[in-house]
Amino acid sequence: MSEYDSNPPGRPGRGPDVNDARRAAGMPPLPNDLLTPHAVQEFMLEKSKELDEAATEYIKRIAEYPEADRRKRLAYNSAIVVAEGRNADIRKAKAEQAAEEAIYAEKLAEALKDSAKAAWQTKLAQLNAGQSLSSTVREEMRLAR
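The sequence shown begins at 152 in the working numbering and counts up by one.
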């Protein structure tokens, strides 16, 4: 039995199925890894919910990134104004040291945003795969008529 079997044996309320009819006719049962339209629908609903959750997370990370970037720029620019040194490179280095925490927070926010985007794209690809499965099952049902 596979994870996509939507009508497992012993399920309450389970009536006769195709395999019962095949057994009665003396034919071997179909394998349990067949995709049923119901199983494909359940798969797509699950992936759709996961896509919604990933989109919510991505939107949250998109909103957090500009604030972290603004804090980094403010900290860096404030530090460079008061930094002392003989040349610009020394002043930049001192400003980066002073704004290190804000720079780290900005880079972390950017990485989390990119990670959330990749997760959303993965969930979208899984949902698209489910749509392809649905088309395949529908076509197989049409040809079986």
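All C-beta atoms, glycine included, are put in the ideal place defined by N, C-alpha and C. Only a predicted model underlies this, so the values are computations on that prediction, with no experimental measurement involved.
- In this structure, Ala-260 sits near Glu-215, with a CB-CB distance shorter than 8 Å.
- It is roughly 18 Å from the alpha-carbon of Ile-241 to the alpha-carbon of Arg-224.
- Each residue's CA atom was taken as its position, placing Val-288 and Leu-278 some 15 Å apart.
- In this structure, the alpha-carbon of Ile-210 lies about 29 Å from that of Leu-284.
- When the Cα atoms are used, Pro-180 and Ala-262 turn out to be separated by approximately 51 Å.
- Membership of Ala-176 in any alpha helix (DSSP H) is not indicated, and neither H nor E is assigned to it by DSSP.
- Asn-238 carries a coil assignment under DSSP once its states are collapsed to helix, strand and coil.
- Under the criterion of beta carbons closer than 8 Å, Ala-246 and Ala-219 do not qualify as touching, at roughly 17 Å.
- In the three-state reduction of the DSSP assignment, Thr-187 falls in the coil class.
- In this structure, Ala-205 keeps its C-beta atom at 8 Å or more from the C-beta atom of Lys-264.
- If you draw a straight line from the Cα of Ala-269 to the Cα of Ser-229, it is about 34 Å long.
- Of Ala-175, Arg-174 and Leu-196, the smallest CA-CA separation from Gly-281 is found for Leu-196.
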